[in-house]
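Novice: Residue 289 in the numbering used here is what sits at position 279 of the sequence shown, and the numbering runs on without skipping anything. Note that CB positions come from ideal geometry on N, CA and C, so glycine has one too. These figures come from a predicted structure and were not determined experimentally. Quick one: the structure is below, and I'll ask about it shortly.
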Amino acid sequence: MTLPLKQRPLCQYRGRFAPSPSGLLHFGSLVAALASYLDAKHHQGSWLVRVEDIDPPREKAGASSEILKTLEAFGLHWDESVLYQSQQSELYLDTLADLQNQKLSYYCQCTRAEIKAIGGIYQGHCRTLNHPKTNSAIRLINDHGIYRYQDLIQQQVQCNQALAQEDFILFRKDGLFAYQLAVVVDDIYQGISHVIRGCDLLEPTARQLSFFPILNAVAPQYGHIPLAVTEQGYKLSKQNKAPAIDNQNPQPALMAALIFLGQKPPSALAFVAVDEIINWAIQNWQRQNIPQLAEIVL
Ligand code: GLU
Ligand code: ZN
11 MTLPLKQRPL CQYRGRFAPS PSGLLHFGSL VAALASYLDA KHHQGSWLVR VEDIDPPREK
71 AGASSEILKT LEAFGLHWDE SVLYQSQQSE LYLDTLADLQ NQKLSYYCQC TRAEIKAIGG
131 IYQGHCRTLN HPKTNSAIRL INDHGIYRYQ DLIQQQVQCN QALAQEDFIL FRKDGLFAYQ
191 LAVVVDDIYQ GISHVIRGCD LLEPTARQLS FFPILNAVAP QYGHIPLAVT EQGYKLSKQN
251 KAPAIDNQNP QPALMAALIF LGQKPPSALA FVAVDEIINW AIQNWQRQNI PQLAEIVL
């Protein structure tokens, strides 16, 4: 494949945080940002921020810059410049064209209702139908889909095999690039070696692990942190009772996030400057202390 993507030197740690600007950071996303930052910095790595702004209907005006302001207020300073996925279209299109030329993908015109009617898992119906490009989604031929993998935090992860081995969508019928395409192309483009993020992405990780080798790239290592949920099992948001994300007073949420991640900050740390808390956390980061649970109820 003539993919114009470079592989990173294998010895280098490069982590990233990749928020979608569909809203402001909440406690759960702050925890993910902090964990990926601390893991990178504890290993003398770089930490990059990538704004995943490829789904305009779901975006909130001003959210990207608010997210970046919050990261700065919490002492999470990124290396290199922020990458915006909205600027990456050419690379996504080149990748799609390469896959199509090599017959590693195909056009699909099935509707959501049709797939639901056969049980919700796509069965490759359009693989041999040679649909035209118009009004089609593009699916990846996922013949050797990985469904089990070793996670840096959750250890052995096993996903639903049929779901992990589905021919998943790379380009949507509505004309938007799919998350799976953009995230893998950009993890390769940015030379990401380690991805630390929330357990809501355990299943997508299996698909991503299958996709890297198809693009002739080595996949990063993945570590999934527990999700912060409410007693009712909802993912955290502004409405429920996680410590508020207050850019003017970041210490309480920062301390709570460290404790959530199984770290043991001395209580006196709550009263020092943010950069001092972060320095303590980098020095004392213990990845193996992160709880090995899919969810933690706050
Ligand atoms: N942009 C995705 C989200 O905010 C996360 C992508 C990722 O970490 O791979 O849920
Ligand atoms: Zn189809």
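Quick check on DSSP: helix, strand or coil for D63?
Specialist: coil
Novice: Apart from the five residues on each side of it in sequence, which residues of its chain come closer than 6 Å, Cβ to Cβ, to I287?
Specialist: L264 and L279
Novice: Specify, as a first and last residue, the run of the alpha helix (DSSP H) that G208 falls within.
Specialist: Bounds of any alpha helix (DSSP H) do not take in G208; it lies within the beta strand (DSSP E) bounded by H204 to G208.
Novice: Write down the C-beta distance between G208 and G38 rounded to the nearest angstrom, noting that I regard them as a contact closer than 8 Å.
Specialist: 7 Å
Novice: Which term fits S51, buried or exposed, when burial requires 16 or more other beta carbons within 10 angstroms of its beta carbon?
Specialist: The residue asked about is misnamed: residue 51 is Lys in this sequence, not Ser. Buried is the call here.
Novice: Rounded to whole angstroms, what is the Cα-Cα separation between L162 and Q231?
Specialist: 7 Å
Novice: Can you check which of these residues, H204, V193, L150 and Y157, is closest to I179 by C-alpha distance?
Specialist: L150
Novice: Under a three-way DSSP split, which group does D161 fall into?
Specialist: In this structure, D161 counts as strand in the three-state DSSP scheme.
Novice: Where are the beta strand (DSSP E) runs, 3 residues long or more, that stay fully inside the stretch 91-173, in chain order?
Specialist: 115-118, 147-150, 158-161 and 165-168
Novice: Whole angstroms is fine: what's the gap from A267's alpha carbon to L303's?
Specialist: 16 Å
Novice: Closest to L173 by C-alpha separation, out of R24, Q166, H154 and D49, would be which residue?
Specialist: H154
Novice: Could you have a look at T12 and say whether DSSP puts it in helix, strand or coil?
Specialist: Because T12 carries a pLDDT of 48, less than 50, the predicted location of this residue cannot be relied on, and the following value inherits that uncertainty. In this structure, T12 counts as coil in the three-state DSSP scheme.
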